[in-house]
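For reference, the structure is listed below as structure tokens.
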Amino acid sequence: MNLLLRLWRSSLGKKYVMALTGAALVVFLVGHLVGNLQVFGAPDLINQYAHFLKSKPLLLWGARLGLLATVGLHIAAAFTLLSLNRSARPVAYATGGAYAATSRSRYMAVSGSVILAFIVYHLLHFTALNPAVNGVGDFTKLTTDLHGETVPDVYAMMILGFNVWWVAAFYLIAQALLFMHLSHGLAAMFQSLGLRNHVWWPRVQLLARVVSVALFLGYASIPLGILAGIGSRYAADARARAHLAAAPSSAATVLAVGPASAGKEVVR
Amino acid sequence: MKVKLKVWRQKNRTSAGEFKTYESPELNPNMSFLEMLDVLNEQLAVRGEEPVAFDHDCREGICGTCSLVIDGKPHGPHRGVATCQTYMRSFKDGDEVVIEPFRAAAFPLVKDLVVDRQAFDRIQQAGGYISVRTGSAPDANSIPVPKEDSDLAMDAAQCIGCGACVAACKNASAMLFVAAKVGHLGLLPQGQPERYKRVKAMVEQMDTEGFGACTVTGSCEAVCPKSISLDFIARLNRDYAVALLKGDPKKAASGGA
Amino acid sequence: MATLKSNIPSGPLATKWENHKFSSKLINPANKRKYKIVVVGAGLAGASASATLAELGYEVHNFVFHDSPRRAHSIAAQGGINAAKNYQNDGDSVHRLFYDTIKGGDFRAREANVHRLAEVSVNIIDQCAAQGVPFAREYGGLLDNRSFGGAQVSRTFYARGQTGQQLLLGAYSALNKMIAAGGVKSYTHSEMLDLVVVDGQAKGIIVRNLQTGEITRHNADAVVLATGGYGNVFNLSTYARGANVTAPWRAYKRGACFGNPCYTQIHPTCIPVSGDYQSKLTLMSESLRNDGRIWVPKRKEDCGKEPSSIPEDARDYYLERMYPGFGNLAPRDIASRAAKYVCDEGRGVGPTGLGVYLDFSASIKRLGEDKVRERYGNLFDIYHEITNENAYQTPMRIFPAVHYTMGGLWVDYNLMSNVPGLFVLGEANFSDHGANRLGASALMQGLADGYFVLPATIATYLAGVKPDQRPKAESAAFNEAEQSVRGGVQKMMSLKGKRTPGHFHKELGKIMWEYCGMARNQAGLEKAIQLLGSLREEYAKNLHVMGESNDWNQSLEQAGRVGDFIELGELMCRDALMREESCGGHFREEYQYTTADQEVRDNIVNPGDVKRRDDKFAFVAAWEYTGTGKTPTLNQEPLVYEEVKMSTRSYK
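Residue numbers (my numbering), protein chains in the order written: chain V, 27 to 294; chain H, 6 to 262; chain F, -9 to 642.
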């Protein structure tokens, strides 16, 4: 207990918390992406995956609570460090300051806050299935038959969900910020844990770049792929079966506006 | 050449400060930045205005007394040098040059451009030493030190304690300074007995002084007059983690003579 | 007349220190904490003394005018520190280091002190290595050495080009350890402005806090001054801007004798002055002379030309011409004086005409630019930073500059001045370097005094002082001293004249450099004394200090220091005038070897070399204050050499 208290009380300790929770979240992001990329397969593939997760409530809730705690710790540490950092420089420079610092390193709190807002939205969107936020309607009505069992039609939800242009746009923006956050945070994580020296630092930075780019491309491919027309016929059928109103905007308009984004927490 | 100077003027810690603008007298491009301020001050004194207070001493980049944030960068436009080694030829005729003090809660302002950096001394006093009494040392060559370690220790030990790392960091963090001290002693065999005690004590004092945390922006390394590497911060993080995991030593059994 | 008792222990030279330590009185550990010692300064000597005295159990109060004890100018020393370790097996020994130092000082240092210095030099290296000073090492992990300043053995320990910094940080860490342990109380921004003498003994100091202007009294059982040298009397020097003579000078005015004030060392390879605004001169390592050739144009008319346009036969490689034996490696004082001569002839180069070329073109041709870069790259970079000139393409310009003062307050073997209870260490005392200091010996002396000598010798004095009996800070002597300090500050503030302290400092510097610099003569010194008298009077009437006295006021700080420097300048000139001989850094034009001398014919020395007069001047001049503007009293301590025979210093 003494150790935890000491950890929390010291600025370095809180950085360890940031780094370790950050590392856990990156691992989650990778797993989550692998799960969601199944949307590029047959509809049953991802539906079965979702059903499998739902059939293990202990595991699912364990993971959810664990994630929530991890995110919570990450944010709490960030918040206290932010207030420490603010109070350490009560008078700002007239000429800016923060010489030679990259913008991604300077705006971690900003990118983090947008990502937090996105997580809340994402949970409402695909976990709570709140009809008020998805621009489509009641996703709970979307069901399908899987080996004789009626299960939620996650595939249709994703296709219909990302065919709403502003949803796709918000996802993409959040993904871009996540990329920024990770491209600094991943390398900084190694630094905070002391896992670098002059030999490994360039490699750590490269790793951070590669992982954050890969995650961005992976996640962005989902809304972009959907906007490009993947599963649109299936989704139209599903929508008809569920008697949902037509989407306020078509895939074509979204494409005209710009690409869309990927999702997290598709599992319910 | 001439420049326009926008200088922070503040009578003392409690009074409000503001920028004042001065036209410099005719300058020689070979003047150092501090000599430019000397000339300005002579001019102010002759006019009956109070000279600008600024910290300086050795004027050869080693004592760490000079400070100043010049156009947003501690120690002026060049890398790897202190303000005292910055020359006016780095500016153009007619430039406006903004001069601010180092700004950090842990470096309270004294006057104009002078801040109090004694927080650094207190961090050192918390554990920045090897406890060896005068006269008790063994022959210097009885403890061989690998040249690589000794060279690396020297890289850290060159820190001049100017505080530019704190001034540049967006969080006013003193990590580079503390890391340099901890790194220097921690790399040498002589520093091993107190290695973990030292890192704990120094980090705790650093936190007490009200410096911010490191967010790995790299500003400190970029402005350090001795270009001390962020590697040392990683080393500090590592040592502190080990120190936390080790915990406090067991109380020795008491005994009497 | 002051009584000067050198207190040199009897017995053979090599065992004096050992015997002295044994026969000295000790103080009971329980009593040590009852003695309070004030140490002024935290350079190598002050920090090491404070830490060590506190380790022994004394109550130590340390005062620095800087914002931190780590800023003292010891930090700027580059080359290294000598020690007679003989790790290189090249024939070094305590005796050899002793002899080199005595000879280097031109036989004007005290034999016993120098031998002790050589003895403890080996302990210094042990102590510093144990503190974590990152000395340069060989691949086997053992300490590296280099030969420095023309020494024939490699006995210099170094930490890149920042040896002073690393040694000072070592001493500072020892000081911090004792501050943390409660043994030392540290006062920063605290400038000593007077010494308090009670019943003829030093019993405290008066201090002004530079941040707040507050004036405070500090009583003590003994006062230790470790306040550095006074080279800033020349205004332009390689010293830090803040370096000053105020503390020793105020002690001098309270009765402490000032020893050999005219002994100044002038370093030949500094970057020349570029203009009237200049505040500071930067030293370029002497090692440059190994591969650079020094020259000026033969004809005055060529001085303004591009150096590359001056043909070989129109160049005067004057050191090679005048000293064919040593050429460009001629000793510091000779090289410095020769540069002055050619510039006096109007053949100096650069915008001010006070500079000579240090040319690497021949070496670059011979060795290639890469090799030259490998050897001197960092120095070429510094030169480029300061002058914006590329020394690979055009010759460097160099000129001599003041960088050390061998003189200082007179002390006995115990480092105690003639005022009992007042001890003086490091560059602030006069004791170990004679008339000239060897390279890498300043660091050695500072640390020897602080770590090893004073902690042993101070007990001799304290043993005669009753514990817990120091005078109260409320006593009359403290009242008087504080009033005098307040009066001085008040006077400076109230003059409201027309000239800034900076103006007076520049004027002083010009006079000193002109008449009491590299070469001195009777007429010049007499004129300087007169000029300095007028300057002192004008200062007392026409000084202008801005701001307030109860506030951070750099103008006021400078004013006080410059006032003391003006008075010191006068004393230096008097000392130089009195010393009718040349020795080491003190060169009287009237006393130099000429072709008429047998020594020149025997090829022991060159014409123009310094000519000592051992029959008349083998003594320490210890000047005693008699009042401002009055002629001080000269006391002499004869230099008795028991072991070494004074001989002509020859480097041929």
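Idealized CB from N, CA, C, for every residue including glycine. Being a predicted model, the structure only gives us computed values, none of them experimental.
Excluding five sequence neighbours on each side, which residues of the same chain lie with their C-beta closer than 6 Å to the C-beta of residue i?
i: Glu214/H; result: Ala111 and Ala124
i: Lys290/V; result: Only weak support is given to the placement of Lys290/V: the predicted model assigns it a pLDDT of 37, under 50, and the value that follows is read from those uncertain coordinates. If we look at Lys290/V and ignore the five residues flanking it on each side, its Cβ neighbours are His58 and His148.
i: Val552/F; result: Pro491, Phe494 and His495
i: Arg244/F; result: Leu185 and Val187
i: Ala179/H; result: Val171, Met211 and Phe216
i: Leu208/V; result: Ser238
i: Arg203/H; result: Gly132
For residue i and residue j, which I take to be in contact (beta-carbon distance under 8 Å), what is that distance rounded to the nearest angstrom?
i: Ala35/F; j: Asp439/F; result: 5 Å
i: Arg327/F; j: Ala509/F; result: 6 Å
i: Gly133/H; j: Ser163/F; result: 6 Å
i: Ile195/F; j: Val455/F; result: Wrong, their Cβ atoms sit about 17 Å apart, outside the cutoff.
i: Lys16/H; j: Val228/H; result: Lys16/H to Val228/H, Cβ: 28 Å. No contact.
Going along chain V, which residues have a C-beta under 9 Å from residue i?
i: Tyr245/H; result: Ser36, Leu38, Gly39, Tyr42 and Gly220
Name the chain H residues whose beta carbon is nearer than 7 Å to that of residue i?
i: Arg231/F; result: His61, Asp62 and Arg64
i: Leu107/V; result: Ala218
i: Glu497/F; result: Residues of chain H passing the Cβ test: none, with the nearest at roughly 13 Å.
i: Trp542/F; result: Ala58, Val115, Lys116 and Val119
List the residues of chain F whose Cβ lies closer than 8 Å to the Cβ of residue i, in chain order.
i: Val86/H; result: Glu375
i: Met207/H; result: Ordered by position in chain F, no residue passes the 8 Å Cβ test against Met207/H, which lies about 11 Å from the chain.
i: Thr139/H; result: Ser38, Ala41, Thr42, Glu45, Gln117, Ala164, Tyr441, Phe442 and Pro445
Who are the neighbours of residue i on chain H, taking C-beta pairs under 9 Å?
i: Gly16/V; result: The structure shown does not extend to residue 16/V, since chain V spans only 27 to 294, so no value can be given for it.
i: His224/V; result: Ser234 and Asp236
i: Lys175/F; result: Those do not exist, as Lys175/F stays about 12 Å from chain H at its closest Cβ, beyond 9 Å.
Leaving aside the five residues before and after residue i along the sequence, list all residues of the same chain whose C-beta is less than 7 Å from its C-beta, in chain order.
i: Val280/V; result: Residue confidence is low: Val280/V scores 37 on pLDDT, short of 50, so the model does not pin down where it sits. Its coordinate-derived value is still stated next. For Val280/V, where only same-chain residues beyond five positions count, the Cβ hits under 7 Å are Asn189, Trp191, Ala194, Leu253 and Ala286.
i: Pro597/F; result: Tyr583, Thr584, Thr585 and Val590
i: His77/V; result: Leu172 and Val177
i: Asn242/H; result: none
i: Ser640/F; result: Ile594 and Val595
i: Asn21/F; result: Pro457
i: Gly284/V; result: Unreliable placement is indicated for Gly284/V, whose pLDDT of 37 sits below 50; no coordinate value is reported for it.
Once you ignore the five residues that flank residue i on each side, which residues in its own chain have a CB closer than 8 Å to its CB?
i: Ala282/V; result: Confidence in Ala282/V is poor, its pLDDT being 36 and thus under 50, which makes the residue's placement too unreliable to answer from.
i: Arg294/V; result: Its pLDDT being 36, under 50, Arg294/V is placed unreliably by the model, and nothing is read from it.
i: Ala278/V; result: Because the pLDDT of Ala278/V is 40, which lies under 50, any placement of that residue in the model is unreliable, and the number read from its coordinates should be weighed accordingly. Once the five neighbours on either side are set aside, Ala278/V has no close Cβ partner at all.
i: Lys251/H; result: Tyr201
i: Met168/F; result: Ser40, Ala41, Ala44, Glu45, Val50 and Val174
i: Gly66/H; result: Val86, Ala87, Cys89, Gln90, Ile165 and Pro230
i: Met(-9)/F; result: Glu614, Thr623 and Asn625
i: Arg94/H; result: Pro34 and Asn35
Please list, in chain order, the chain H residues whose beta carbon lies closer than 8 Å to that of residue i.
i: Ala214/V; result: Thr220 and Val221
i: Leu33/V; result: Leu249
So, does the segment -7 to 13 of chain F touch the segment 399 to 415 of chain F, judging by three or more C-beta pairs under 8 Å? yes
Below 8 Å, can you find three or more Cβ-Cβ pairs linking the segment 373 to 390 of chain F to the segment 545 to 565 of chain F? no
May I ask you to verify whether the segment 177 to 193 of chain F touches the segment 211 to 229 of chain F, counting CB pairs closer than 8 Å and requiring at least 3? yes
Give the residues from the segment 165 to 196 of chain H that approach chain F closer than 8 Å (Cβ to any Cβ), ordered along the chain. Ile165, Gly166, His189, Leu190, Leu193, Gln195 and Gly196
Check whether the segment 43 to 55 of chain F and the segment 75 to 90 of chain F are in contact - that is, three or more C-beta pairs closer than 8 Å. no
Taking only beta carbons into account, state which residues of the segment 135 to 158 of chain F come closer than 9 Å to chain H, listed in chain order. Phe147, Ala149, Arg150, Gln152, Gly154, Gln155 and Gln156
If contact is defined by three or more beta carbon pairs under 8 Å, each pair taking one atom from either stretch, is the segment 527 to 538 of chain F in contact with the segment 45 to 56 of chain H? yes
Looking at C-beta atoms only, is the number of pairs between the segment 239 to 254 of chain F and the segment 571 to 581 of chain F that lie closer than 8 Å three or more? yes
Quick test of the definition: if touching needs 3 or more C-beta pairs under 8 Å, does the segment 58 to 71 of chain V touch the segment 250 to 269 of chain V? yes
Determine which residues of the segment 111 to 133 of chain V have a Cβ less than 9 Å from any Cβ of chain H, and write them out in chain order. Asn111, Arg112, Ser113, Ala114, Arg115, Pro116, Val117, Ala118, Tyr119, Ala120, Thr121, Gly122, Gly123, Ala124, Tyr125, Ala126, Ala127, Thr128, Ser131 and Arg132
For the pair the segment 85 to 92 of chain H and the segment 219 to 233 of chain H, tell me if three or more CB-CB distances fall below 8 Å. yes
Please confirm if the segment 109 to 120 of chain V is in contact with the segment 89 to 109 of chain H, defined as three or more CB-CB distances below 8 Å between the two stretches. yes
Would you call the segment 358 to 367 of chain F and the segment 223 to 235 of chain F in contact, with 3 or more CB pairs under 8 Å? no
Taking 8 Å as the threshold, find out whether the segment 7 to 26 of chain F comes into contact with the segment 129 to 137 of chain F through three or more Cβ pairs. no
Could you please tell me which residues of the segment 198 to 215 of chain F, in chain order, have their CB closer than 8 Å to any CB of chain H? Gln201
Within 8 Å of chain H by C-beta, residues of the segment 78 to 102 of chain V in sequence order: none
Inter-stretch contact (C-beta, 8 Å, three-pair minimum) for the segment 550 to 567 of chain F and the segment 61 to 76 of chain H: no
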